[in-house]
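Position 42, counted from 1, in the sequence shown is what my numbering calls 42; the numbers after and before it change by one each time, with no gaps.
Don't be surprised by glycine CBs; every beta carbon is placed ideally from N, CA and C.
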Amino acid sequence: FGLDAIHLDTLFKKTSRQFNFIPGLKLPLFDGGRLNANLEGTRAASNMMIERYNQSVLNAVRDVAVNGTRLQTLNDEREMQAERVEATRFTQRAAEAAYQRGLTSRLQATEARLPVLAEEM
1 FGLDAIHLDT
11 LFKKTSRQFN
21 FIPGLKLPLF
31 DGGRLNANLE
41 GTRAASNMMI
51 ERYNQSVLNA
61 VRDVAVNGTR
71 LQTLNDEREM
81 QAERVEATRF
91 TQRAAEAAYQ
101 RGLTSRLQAT
111 EARLPVLAEE
121 M
């Protein structure tokens with residue numbers, strides 16, 4: 001319920017009465033500071049979450065790079081170990097062949113196995 005009149009003399013007459021079933025309109029005329037503060041707070045929280053996400057991505061990329069380097073180092077070490085084992089086995093086979101031909105003693109042939117065992121560990 002409300003009153004609608006153009007002139008003051010008709011303001012309180014029955015013809016100026018007006019019923020309104022439409023909900024009231026709320027304009028943020030005096031809420032500007034609060035709304036801007038809420039917006040800035042939301043932006044700050046959003047920026048903080050973006051920064052955390054970016055840092056997480058950087059950490060993940062760094063971890064992948066570090067672990068990739070470690071994996072490559074371990075593969076290189078494994079290959080070198082395999083080469084050393086093969087070299088000591090070749091020496092053992094040569095000592096065993098020399099023993100079979102009677103060129104060396106059994107002790108020398110047995111001692112040639114020690115580096116193979118040490119490298120295989």
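Indicate whether threonine 104 and alanine 98 have their beta-carbon atoms separated by less than 7 Å. yes
Run through DSSP, which three-state label would aspartate 76 get? helix
Could you spell out where the alpha helix (DSSP H) holding threonine 110 opens and where it closes? 106–111
Please classify asparagine 49: does DSSP put it in a helix, a strand, or coil? Looking at the sequence itself, residue 49 is methionine, so the reference to asparagine does not match. Correct three-state label for methionine 49: helix.
Distance CB(alanine 109)-CB(alanine 87) smaller than 7 Å: no
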